[in-house]
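A.B. asks: Would you mind keeping the following structure in view while I ask a few things?
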Amino acid sequence: MEKKLSEVVVIDGVRTAFGKAGEKGIFWKTRADDLAVLLVKALIQRNPELQPDMVEDSIWGVTNQVKEQGGTLGRAVPMLADWGWKVPGCSIDRMCASGLTAVGFGAGCIATGMADCLLTGGVEHMGHLPMGFMRDPHPRLQEVMGGPSAFNMGMTAENIHDRFPEFTREMADRYALLSQQKADRGIRAGKMKQMIVPMEVELSDGNRTVVERDQQPRPETSMETLAGLKPAFRENGRVTAGNASGLNDGAAAVLLMSEKKAEAIGLEPKMRWVSSAVAAVDPTIMGTAPVPATLKALDKAGLAMDNVDIIEINEAFAVQVLYCLDKLGLKPDDPRVNIWGGSLAFGHPLAASGPRLVTFLMNLFKENMNARYGLTTMCVGRGQGYSIIWENMWRA
Ligand SMILES: CC(C)(COP(=O)(O)OP(=O)(O)OC[C@H]1O[C@@H](n2cnc3c(N)ncnc32)[C@H](O)[C@@H]1OP(=O)(O)O)[C@@H](O)C(=O)NCCC(=O)NCCS
32 MEKKLSEVVV IDGVRTAFGK AGEKGIFWKT RADDLAVLLV KALIQRNPEL QPDMVEDSIW
92 GVTNQVKEQG GTLGRAVPML ADWGWKVPGC SIDRMCASGL TAVGFGAGCI ATGMADCLLT
152 GGVEHMGHLP MGFMRDPHPR LQEVMGGPSA FNMGMTAENI HDRFPEFTRE MADRYALLSQ
212 QKADRGIRAG KMKQMIVPME VELSDGNRTV VERDQQPRPE TSMETLAGLK PAFRENGRVT
272 AGNASGLNDG AAAVLLMSEK KAEAIGLEPK MRWVSSAVAA VDPTIMGTAP VPATLKALDK
332 AGLAMDNVDI IEINEAFAVQ VLYCLDKLGL KPDDPRVNIW GGSLAFGHPL AASGPRLVTF
392 LMNLFKENMN ARYGLTTMCV GRGQGYSIIW ENMWRA
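Add 31 to a position in the sequence shown, counting from 1, and you land on the number used in our numbering.
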């Protein structure tokens, strides 16, 4: 039997606002699974042609799969959205790239004909389930990963500063400032409204409010205030709360279809999946991994970095972005990179960040009709990188 690949397209991407983890966070009294349910409901509302029984799997990235994020959240979410029990579901863990992997696995399933319509996403409530919560690593894991710093993401960023001293604290702060400035411009121009689904929540003081803005961006950031921040992870270090992503709560979801299915039900495809790749690096410098992952994805697509018009790279730490951009032949202020800012400004609710990057790219493609290819890429704790290349379908 001859088998052909199907074209995979993105129909829609949505996200919650991103909150700060902890009692002062907007989602302190909101469950992680409810964040995901909100998005599932919104996708149906935004795309009335979509019926729940068309969705063949609900694939959710979740890093910490315990308590409210455990028990196969991907299966529970469509049922909690009142879609009935007919939509299967699973949860995927590739730490920070859990959600991007959900999108990538979904694309693979559609490409190979296993499904025509998939719900993919990522959610993380770092306030309720802090990084490493209830984890019990094998006693030999530290040794095989290269030492204790591999377990602490901030220390892996310090390791990049140590091993590649050409990327200085001043450069990291300057990059962080740029991310805040770009995010502020994007927010003020109303760019977040098209992707954030408002949610009514109860705050820790008991008041109710509708959350529709990210909590973390700091438009008042300046080089002076950044320079004054103390190292967060070790004495005499260079990584601070200003040039690191924060601890956050949030969710993002992406609706994938085969191009044929989208056509059949009359939904407009926004971008086409081109290639995906995952790669591994030394866990003690995990932030460098978007480089091999991206080079591999480009190679699979028969493309070079010069062909990529829009780049969405997750900003776990400023120094790892500086490293990756440099090795991919890009300047830190390249106008193609994180046009509306990145995780240094918006925050990084681990598994939610990958689908956020995809959602940003989808909306950026709409505004940049001449752009043809886009990249979504991120690093992963324990030394991995995940990259997906997309093609703009708004393009004339
Ligand atoms: C770096 C980190 C430890 C900081 O945590 P925190 O201390 O709770 O962070 P806060 O947001 O409270 O910021 C700390 C201080 O820096 C200040 N600050 C943070 N960003 C700032 C900015 N852009 N401009 C000015 N000041 C800033 C805050 O105002 C705060 O000052 P205060 O204590 O006087 O109020 C935490 O965000 C972290 O662990 N980040 C990495 C997360 C991670 O590893 N993710 C996985 C990636 S792979």
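Where a beta carbon is used, it is the ideal one built from N, C-alpha and C, also for glycine.
Enumerate in chain order the residues of its own chain whose CB-to-CB distance from residue 352 is below 7 Å, with the five nearest sequence positions on each side excluded.
C.D. replies: The answer, listed in chain order, is 206, 344, 346.
A.B. asks: Taking the straight line between their C-alpha atoms, what separation do you get for residue 321 and residue 354?
C.D. replies: Using only the alpha carbons, I get a separation of about 10 Å.
A.B. asks: Could you spell out where the beta strand (DSSP E) holding residue 156 opens and where it closes?
C.D. replies: Counting along the chain, the beta strand (DSSP E) containing residue 156 begins and ends at 148-156.
A.B. asks: Beta carbon of residue 415: closer than 7 Å to some heavy atom of ligand 1?
C.D. replies: Residue 415: no, Cβ never under 7 Å from ligand 1.
A.B. asks: Could you compute how far the alpha carbon of residue 178 sits from the alpha carbon of residue 190?
C.D. replies: Cα to Cα, the separation comes out at about 11 Å.
A.B. asks: Ligand 1 and residue 132: does any heavy atom of the ligand fall closer than 7 Å to the residue's C-beta?
C.D. replies: Residue 132: no, Cβ never under 7 Å from ligand 1.
A.B. asks: For the beta strand (DSSP E) holding residue 428, just list the boundary residues, first then last.
C.D. replies: The question about residue 428 has no answer here: the residues shown for the chain are numbered 32 through 427.
A.B. asks: With a CB to CB cut of under 6 Å and the five nearest residues on each side skipped, what residues in its chain are close to residue 140?
C.D. replies: Here the set comprises 146.
A.B. asks: DSSP on residue 365, reduced to helix/strand/coil?
C.D. replies: Looking at residue 365 - three-state DSSP - the assignment turns out to be coil, as it is neither helix nor strand.
A.B. asks: Our contact map puts residue 165 next to residue 381 with C-beta atoms below 8 Å; I'd like the distance itself, whole angstroms only.
C.D. replies: Not quite, the Cβ-Cβ distance comes to about 15 Å (not below 8 Å), so this is no contact.
A.B. asks: Could you spell out the range, first to last residue, of the alpha helix (DSSP H) harbouring residue 124?
C.D. replies: Here residue 124 belongs to no alpha helix (DSSP H), and DSSP marks it neither H nor E.
A.B. asks: Taking the beta carbon of residue 200 as the centre, do at least 16 other beta carbons fall within 10 Å, making it buried, or is it exposed?
C.D. replies: By the 10 Å Cβ count, residue 200 comes out buried.
A.B. asks: Closer than 7 Å: is that where the CB of residue 379 sits relative to any heavy atom of ligand 1?
C.D. replies: Yes, the beta carbon of residue 379 sits closer than 7 Å to at least one heavy atom of ligand 1.
A.B. asks: Cβ-heavy atom distance between residue 315 and ligand 1 below 7 Å?
C.D. replies: Because no heavy atom of ligand 1 lies under 7 Å away, the Cβ of residue 315 does not count as near it: no.
A.B. asks: Is residue 244 helix, strand or coil when you go by DSSP?
C.D. replies: Looking at residue 244 - three-state DSSP - the assignment turns out to be coil, as it is neither helix nor strand.
A.B. asks: Closer than 7 Å: is that where the CB of residue 275 sits relative to any heavy atom of ligand 1?
C.D. replies: Flag set: Cβ of residue 275 near ligand 1.
A.B. asks: Where do the ends of the beta strand (DSSP E) carrying residue 423 lie?
C.D. replies: It spans 415-423 - the beta strand (DSSP E) in which residue 423 sits, taken as one unbroken run.
A.B. asks: Quick check on the DSSP output: the alpha helix (DSSP H) that includes residue 205 runs from which residue to which?
C.D. replies: Run containing residue 205: 200-219, per the alpha helix (DSSP H) assignment.
A.B. asks: For a minimum of 4 consecutive residues, which ranges assigned as the alpha helix (DSSP H) are wholly contained in the region 304-335?
C.D. replies: 321-332, all fully within the region 304-335.
A.B. asks: When we look at the beta-carbon of residue 318 and count the other beta-carbons within 10 Å, is it buried (16 or more) or exposed?
C.D. replies: When all chains shown are included, residue 318 counts as buried.
A.B. asks: Measuring CA to CA, which of 263, 121, 323 is closest to residue 357?
C.D. replies: For residue 357, the nearest C-alpha among the options comes from 323.
A.B. asks: From this set, 389, 405, 421, 48, which residue's C-alpha is nearest residue 285's C-alpha?
C.D. replies: The shortest C-alpha separation from residue 285 is found at 389.
A.B. asks: Would a C-beta distance cut-off of 8 Å place residue 54 and residue 303 closer than the cut-off?
C.D. replies: No, the pair does not count as a contact, with Cβ atoms beyond the cut-off.
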